[in-house]
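Trainee:
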Amino acid sequence: MNSYIKEVYDHLVERAPEEREFHQAAKEVLDSLEKVVSENEVEYRRVALLERLVEPERTIIFKVPWEDDNGQTQVNKGYRIQFNGSIGPYKGGLRFNPTVRLGLLKFLGFEQIFKNSLTGLPIGGAKGGSDFDPSHKSDSEIKRFCKSFMTELYRHIGPYVDVPAGDLGVTGKEIGYLYGQYRRIKGISENGVITGKPISIGGSLIRPEATGYGLSYFLKEILDDNNINISGKKVSISGYGNVAWGAALKMKELGAKVVTLSSSRGYIHVEDGLTKEMIDYMLVVRADSNKNLKDLAEKFKLDFQVGKKPWEVPVDFALPCATQNELDLEDAQKLVNNGVIAVCEGANMPCTPDAIQYFEKNNVKYGCGKAANAGGVAISALEMSQNSIRYSWTAETVDNKLVDIMKHIYRSSKEMSLKYNVTLSQGANIAGFLKVANAMLVQGDY
């Protein structure tokens with residue numbers, strides 16, 4: 195490891211040893227940059243570029259008091275990590291989930307810097323959220339929480355400052371409540387302040403499907419570049435949220451057979467591929483807090499493997515779309531032994547470092563999350579553009595722009611992988627880093 199990179203990483207771990215996901219994300223990126231950093235070490239050291247890169251520009255932590263339906267006041271923690279704004283306003287989702295803590299959001303915000311850079315659009319990296327759990331909460335409780343959350347957050351965001359979006363636990367409903375409170379406090383119609391909005395208040399068409407669509411387009415770029423036909427191939431998808439739903443829709447449209455979906459409780463297996471009716475029913479399941487993936491399996495009389503992961507099923511392509519570190523070395527070995535051709539990440543950092551290394555060692559085509567799942571934030575940025583010009587594009591126009599963006603991400607990643615003789619995922623890290631690093635240097639950002 196380059197001595198400068200090692201110094202920065204070791205200091206990062208020493209200061210906050212409990213932030214394991216953040217360290218994992220930082221190490222993965224920094225390791226990829228060894229050749230670039232070695233070429234520019236004197237300049238990067240002089241301005242402490244890497245030290246500034248791994249440190250958020252601003253970390254905001256606040257309490258969120260709200261009243262439940264029994265009249266009892268509850269208190270949650272709220273966060274916003276404004277990680278790097280060198281190429282544009284901070285941009286990244288809000289996550290409402292009991293697992294939310296500072297280290298997790300730092301990992302997600304750090305990944306967002308490079309993901310946003312890769313899109314070619316002028317957006318910086320951020321992430322935020324709360325340890326509030328919206329599941330099994332009434333609509334009134336969710337509304338009261340969102341109003342309290344935005345009552346603090348509003349002072350830190352704006353269309354030219356920081357533009358949040360939805361993430362795990364934050365759907366169009368929550369976004370609507372958050373924007374409504376922002377508008378009441380500010381007294382102006384400024385709908386470019388948040389993305390992932392319902393269409394009626396300035397949302398973009400195909401935003402819910404965008405991450406899964408973009409993931410499918412990125413996989414198709416890899417396959418086309420290697421003369422591999424997607425039609426008729428089997429694909430395993432984990433998760434059953436927005437990303438998995440969008441990926442299932444688009445993969446089926448492209449002619450592949452989606453044979454699995456999963457949850458923390460197990461996975462369903464459909465040997466002949468999910469039907470459109472089954473994919474559509476994912477929306478019904480997700481909209482009802484009393485339903486889960488097993489309800490989908492029971493409705494269509496599908497095989498449900500309790501307590502297992504889908505990676506044991508023989509497939510041509512694997513798309514992990516659930517959560518971080520869900521696919522480990524043992525899972526990677528099963529996929530490789532069963533002849534998997536390509537793995538592309540729909541979630542953020544879903545493959546462990548050992549799994550990634552095993553895929554690349556065995557010549558499996560691998561697309562890292564910050565490249566492959568950038569379609570969601572790309573469409574969010576396009577939503578910002580539509581809000582700025584007071585205009586809405588058609589679904590076809592937005593989809594065509596998404597295809598172009600995913601092609602650009604693949605080309606940029608491959609170009610850097612060839613230039614520095616590294617893997618495609620390392621090439622993506624380099625491409626994302628160079629744009630941000632150059633922006634930091636030309637601004638004299640000390």
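When the letters of the sequence shown are read in order and numbered with our numbering, they come out as residues 195 to 640. Positions of the beta carbon are idealized from the N, C-alpha and C atoms, including for glycine.
Would you report the Cα separation of Asn278 and Ala633, rounded to the nearest angstrom?
Mentor: Numbered from its first residue, the sequence shown carries residue 278 at position 84. Numbered from its first residue, the sequence shown carries residue 633 at position 439. If I take the Cα positions, the gap works out to 11 Å.
Trainee: Name the DSSP bridge partner or partners of Ile275?
Mentor: As a first step, residue 275 is located in the sequence shown; it is residue number 81 there, counting from the start. According to DSSP, Ile275 bridges with Thr253, Lys321.
Trainee: Taking the DSSP output, what are the residues bridged to Glu261?
Mentor: Translated into positions along the sequence shown, residue 261 becomes position 67. Thr267, per the DSSP bridge assignment.
Trainee: Which residues bound the alpha helix (DSSP H) around Arg338?
Mentor: Taking the first residue of the sequence shown as 1, we reach residue 338 at position 144. Note, Arg338: alpha helix (DSSP H), 333-347.
Trainee: Would you mind stating whether Asn385 and Phe326 have Cβ atoms separated by less than 8 Å?
Mentor: Residue numbering aside, residue 385 sits at position 191 when the sequence shown is read from its first letter. Residue numbering aside, residue 326 sits at position 132 when the sequence shown is read from its first letter. No, the Cβ-Cβ distance between Asn385 and Phe326 is not below 8 Å.
Trainee: Considering only the beta carbon of each residue, do Ile603 and Thr405 sit closer than 8 Å?
Mentor: Residue 603 sits at position 409 when you count from the first residue of the sequence shown. Residue 405 sits at position 211 when you count from the first residue of the sequence shown. For Ile603 and Thr405, no; Cβs fall outside 8 Å.
Trainee: Since Ala219 contacts Phe301 with CB under 8 Å, what's their CB separation in whole angstroms?
Mentor: By 1-based counting over the sequence shown, the position of residue 219 is 25. By 1-based counting over the sequence shown, the position of residue 301 is 107. About 4 Å; that satisfies the 8 Å criterion.
Trainee: Taking Gly467 and Val452 to be in contact with their CB atoms under 8 Å, please state how far apart those CB atoms are, rounded to whole angstroms.
Mentor: As a first step, residue 467 must be located in the sequence shown, where it is residue number 273. As a first step, residue 452 must be located in the sequence shown, where it is residue number 258. Yes, they are in contact, since the Cβ atoms of Gly467 and Val452 sit about 6 Å apart, within 8 Å.
Trainee: In angstroms, rounded to a whole number, what distance separates the CA positions of Tyr284 and Ala359?
Mentor: For the purposes of this step, residue 284 is taken as the residue at position 90 of the sequence shown. For the purposes of this step, residue 359 is taken as the residue at position 165 of the sequence shown. In a straight line, the C-alpha of Tyr284 is about 11 Å away from that of Ala359.
Trainee: In whole angstroms, what separates the C-alpha of Gln620 from that of Asp522?
Mentor: Position 426 of the sequence shown holds residue 620. Position 328 of the sequence shown holds residue 522. Distance between the alpha carbons of Gln620 and Asp522 is about 19 Å.
Trainee: Provide the residue(s) that pair with Arg289 in DSSP beta bridges, ordered along the chain.
Mentor: Indexing the sequence shown from 1 puts residue 289 at position 95. Paired residue(s): Gly323.
Trainee: Alpha carbons only, please: which of Tyr614, Thr454, Leu399 is nearest the one belonging to Ser226?
Mentor: Residue 226 sits at position 32 when you count from the first residue of the sequence shown. That would be Tyr614, whose Cα lies nearest to the Cα of Ser226.
Trainee: Are there 16 or more other CB atoms within 10 angstroms of the CB of Ile275, so buried, or fewer, so exposed?
Mentor: One-based indexing of the sequence shown puts residue 275 at position 81. Result: buried.
Trainee: Just the Cα atoms here: how many angstroms apart are Lys337 and Pro328?
Mentor: The count along the sequence shown starts at 1 and reaches residue 337 at position 143. The count along the sequence shown starts at 1 and reaches residue 328 at position 134. Those two C-alpha atoms are separated by around 10 Å.
Trainee: Under 8 Å: do the segment 392-400 and the segment 422-432 share three or more Cβ pairs, one atom per stretch?
Mentor: Flag = no, the segment 392-400 and the segment 422-432 do not touch.
Trainee: Output yes or no for whether 8 Å exceeds the beta carbon distance between Ser311 and Val630.
Mentor: For this step, residue 311 is matched to residue 117 along the sequence shown. For this step, residue 630 is matched to residue 436 along the sequence shown. In this structure, Val630 lies closer than 8 Å to Ser311 by Cβ.
Trainee: Comparing C-alpha positions only, which one of Cys538, Arg480, Glu305 sits nearest to Leu417?
Mentor: Residue numbering aside, residue 417 sits at position 223 when the sequence shown is read from its first letter. It is Cys538.
Trainee: Could you check which residue in Glu403, Lys229, Leu372 has the C-alpha nearest to that of Ile388?
Mentor: Start at 1 with the first residue of the sequence shown, and residue 388 comes out as number 194. Comparing Cα-Cα distances from Ile388 to each of Glu403, Lys229, Leu372, the minimum goes to Leu372.
Trainee: Please report the straight-line C-alpha distance between Ala491 and Tyr411, rounded to a whole angstrom.
Mentor: If you number the sequence shown from 1, residue 491 lands on position 297. If you number the sequence shown from 1, residue 411 lands on position 217. Looking at the two C-alpha atoms, the distance is approximately 28 Å.
Trainee: Can you tell me which of the three DSSP states His350 falls into?
Mentor: Locating residue 350 in the sequence shown gives position 156, where the first residue counts as 1. Residue state, collapsed to three classes: helix.
Trainee: On the three-state DSSP scale, how would you describe Thr405?
Mentor: To locate residue 405, count along the sequence shown from 1; it is residue 211. Here Thr405 sits in helix by DSSP.
Trainee: By the three-class DSSP mapping on this structure, what secondary structure does Gly501 have?
Mentor: Position 307 of the sequence shown, counting from 1, holds the residue named residue 501. Three-state result, Gly501: coil.
Trainee: Using C-beta distances below 7 Å, list every residue in its chain close to Tyr348, excluding the 5 sequence neighbours before and after it, in chain order.
Mentor: Translated into positions along the sequence shown, residue 348 becomes position 154. Same-chain partners within the cutoff: Tyr376, Ile379, Lys380.
Trainee: In or out: Ser394 buried (at least 16 other Cβ within 10 Å) or exposed?
Mentor: Along the sequence shown, one-based indexing puts residue 394 at 200. That one is exposed.
Trainee: Run through DSSP, which three-state label would Val479 get?
Mentor: As a working mapping, residue 479 is identified with position 285 in the sequence shown. Val479: helix per DSSP, three-state reduction.
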